[in-house]
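Chemist: The structure is given below, and queries will be raised subsequently.
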Amino acid sequence: MLVGMVTSRDVATASDDDRIGDIMTPNPVFVTDTTTLSYAAHLMIWWNVEILPVTRGKELIGLISREDVIKALHYMSKQPQISEAIQDTIFRDFEMEKIENGVKFKGKVPSTMINQFGTVSSSALMMLMCETGIFAITQNKRYDAVLDNFSVYFIKPMRTEDVIEVFARVIEMSNNFSKVEIGIIHEKEEIAKALMSVRLSKRIKMV
Numbered sequence: 031m032l033v034g035m036v037t038s039r040d041v042a043t044a045s046d047d048d049r050i051g052d053i054m055t056p057n058p059v060f061v062t063d064t065t066t067l068s069y070a071a072h073l074m075i076w077w078n079v080e081i082l083p084v085t086r087g088k089e090l091i092g093l094i095s096r097e098d099v100i101k102a103l104h105y106m107s108k109q110p111q112i113s114e115a116i117q118d119t120i121f122r123d124f125e126m127e128k129i130e131n132g133v134k135f136k137g138k139v140p141s142t143m144i145n146q147f148g149t150v151s152s153s154a155l156m157m158l159m160c161e162t163g164i165f166a167i168t169q170n171k172r173y174d175a176v177l178d179n180f181s182v183y184f185i186k187p188m189r190t191e192d193v194i195e196v197f198a199r200v201i202e203m204s205n206n207f208s209k210v211e212i213g214i215i216h217e218k219e220e221i222a223k224a225l226m227s228v229r230l231s232k233r234i235k236m237v
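Here it is as structure tokens:
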């Protein structure tokens, strides 16, 4: 039976004499092994947690981290059938513009990105930001990029059909590593921002 959750942040601020029961988060939010990936991502954003316990019945069977979710969402976007769906539902009505050290996409948020609360799905926005960041790095077709870390902050909710600008700027670049700053703006207000780091490999030219 799951009674609480202790993270590295809890331990870092605790003393050696503190008991686990005193520093844990009681009755934490959790998912089951049948929970969808998108809903797990939504819970992490909604409750601002880095880790979710995974249960089956009353038994704890594992943990899933925000990094796990982001990597899985990114992997899904690289599958041909899912990548095509993302193009159709998210990028179809967006216009791309090159900016200094990056790219900017502008367009309406499609109704397919709405969640059960009537606002734009956090997981869909995370995917949009992640793909924009990857595109900023790989647009010259010299590199393939593998997501290493993705930290995102949502500042205010959005409605569907809002016109937004999603920008990604490369702020650090080496032969095998890159860091990208990503943001979403609506009517000159910042909606979300993220920092993404990726590992790079040079593309092999096909003869």
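Each residue of the sequence shown is one higher than the last, beginning at 31 in our numbering. All residues carry an ideal CB built from backbone N, CA and C; glycine is no exception.
What residues in its chain sit with their C-beta under 7 Å from that of V182, if we drop five residues either side in the sequence?
Modeler: M156, M159, A222 and A224
Chemist: Report all residues from its chain with a CB closer than 6 Å to the CB of T65; omit the five preceding and five following residues, and keep chain order.
Modeler: Correct list: empty, nothing qualifies.
Chemist: For A224, which beta-bridge partners are listed by DSSP?
Modeler: V182 and I212
Chemist: Under the rule that 16 or more other beta-carbon atoms within 10 Å means buried, what is F135, buried or exposed?
Modeler: Buried.
Chemist: Between which two residues does the beta strand (DSSP E) harbouring L82 extend?
Modeler: I81 to R86
Chemist: Please report how far the alpha carbon of V139 lies from the alpha carbon of L93, in whole angstroms.
Modeler: So the two alpha carbons sit approximately 32 Å from each other.
Chemist: Considering only residues of the same chain and omitting the five flanking positions on each side of S141, which have a CB-CB separation below 6 Å?
Modeler: Closer than 6 Å at the Cβ level, and outside the excluded window around S141, lie T190.
Chemist: Within 10 angstroms of the Cβ of S208, are there 16 or more other Cβ atoms? Answer buried if so, exposed if not.
Modeler: When all chains shown are included, S208 counts as buried.
Chemist: What are the boundary residues of the beta strand (DSSP E) that F124 is part of?
Modeler: Taken as a continuous stretch (DSSP letters only), F124 belongs to no beta strand (DSSP E), as it is neither H nor E.
Chemist: From E130 to R199, what does the alpha carbon distance come to, in whole angstroms?
Modeler: 7 Å
Chemist: On the DSSP bridge assignment, give the partners of E161 in chain order.
Modeler: According to DSSP, which records beta bridges pairwise, E161 is partnered with nothing at all.
Chemist: List the residues that DSSP assigns as beta-bridge partners of S95.
Modeler: The bridge partners DSSP lists for S95 are I81.
Chemist: From the DSSP output, in three-state form, read off M74 for me.
Modeler: helix
Chemist: Going by other Cβ atoms of all chains shown within 10 Å of its Cβ, with 16 needed for buried, is R96 buried or exposed?
Modeler: buried
Chemist: Using a Cβ-Cβ cut-off of 8 Å (strictly less than) and excluding sequence neighbours within five positions of G34, which residues of its own chain qualify?
Modeler: I50, G51, M54, T55, P56, N57 and P58
Chemist: Ends of the alpha helix (DSSP H) at V41?
Modeler: S38 to A42
Chemist: Between the beta-carbon of L82 and the beta-carbon of M74, is there less than 8 Å?
Modeler: yes
Chemist: Tell me whether the beta-carbon of I167 lies closer than 8 Å to the beta-carbon of V210.
Modeler: For I167 and V210, yes; Cβs fall inside 8 Å.
Chemist: Over the uninterrupted alpha helix (DSSP H) stretch that includes I53, give me the two end residues.
Modeler: Counting along the chain, the alpha helix (DSSP H) containing I53 begins and ends at I50 to I53.
Chemist: For E80 and L32, what's the separation of their Cα atoms in angstroms?
Modeler: 17 Å
Chemist: Tell me whether M203 sits in a helix, a strand or coil according to DSSP, three-state version.
Modeler: strand
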